[in-house]
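Okay, so here's the structure we're looking at.
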Amino acid sequence: MKPSHIEHIGIAVQNLEEQIKYYEEVLGLTCYNIEEVADQKVKTAFFMVGQTKIELLESTDPEGPIGKFIEKKGQGIHHIAFAVESVQEFLDHAASKEVALIDKAPRAGAEGLQIGFLHPKSTNGVLTEVCENPKK
Ligand code: ZN
Numbered sequence: 106m107k108p109s110h111i112e113h114i115g116i117a118v119q120n121l122e123e124q125i126k127y128y129e130e131v132l133g134l135t136c137y138n139i140e141e142v143a144d145q146k147v148k149t150a151f152f153m154v155g156q157t158k159i160e161l162l163e164s165t166d167p168e169g170p171i172g173k174f175i176e177k178k179g180q181g182i183h184h185i186a187f188a189v190e191s192v193q194e195f196l197d198h199a200a201s202k203e204v205a206l207i208d209k210a211p212r213a214g215a216e217g218l219q220i221g222f223l224h225p226k227s228t229n230g231v232l233t234e235v236c237e238n239p240k241k
C-alpha cells in the first residue's frame, strides 16, 4: 500500500522545447522520451534523476487541464506522483479515508503506466497522482 518512491514530479510549462533546453543545458539531464497524451491534452517530456522522473507538461489545448492550470497559476509544479503496487487498491484505500478522488479506477498514463489522481481539495492543495508499472 505504501508508495515505494516518488515516480515523478509533473511540471507545467509554457514551451516544452525551451524547458527541455534548460534541463539539458543547466541541469545536465537528458530528455529520453517525448510523448503526447491525447486523453489529457498534453505533450510530455521525461528526464530521469535517480529513480525519479521529471515530467514536463505542455498543454496542446488551452481548455485542457494544464492549459487551465497555467492560465490560473502560471508555470510551475503541477503534481507529485507516487509509485504504488496497485493503483486500484490505493484509490480504494484513499476513498475509505474520505479522500475525494478524480479517478475512481486506474486509467492509462504516459510511459505505459496505470495512473489515478486524488483531488487536491483533499490533499492540502497538492495534486497527487499514484502510478503503477504493469510491466514490473
Ligand atoms: Zn504525472
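Take any residue in the sequence shown, count from 1 to its spot, add 105: that is its number in the working numbering.
C-beta: ideal position from N, C-alpha, C; glycine also.
Residue pairing of Glu141 in beta bridges, as defined by DSSP: Lys148. A residue is listed when its beta-carbon falls short of 6 Å from at least one non-hydrogen atom of the ligand ZN; in chain order these are His113, Gly115, Glu160, His184, Ala186 and Glu234. In this structure, Phe174 lies away from Glu160, with their beta-carbon atoms at least 8 Å apart. Counting C-beta pairs with one atom in each stretch, the region 131 to 141 and the region 110 to 120 have fewer than three that are closer than 8 Å, which means they do not touch. Counting C-beta atoms within 10 angstroms of its own C-beta, Ile220 has 16 or more neighbours from the protein chains shown and is therefore classed as buried.
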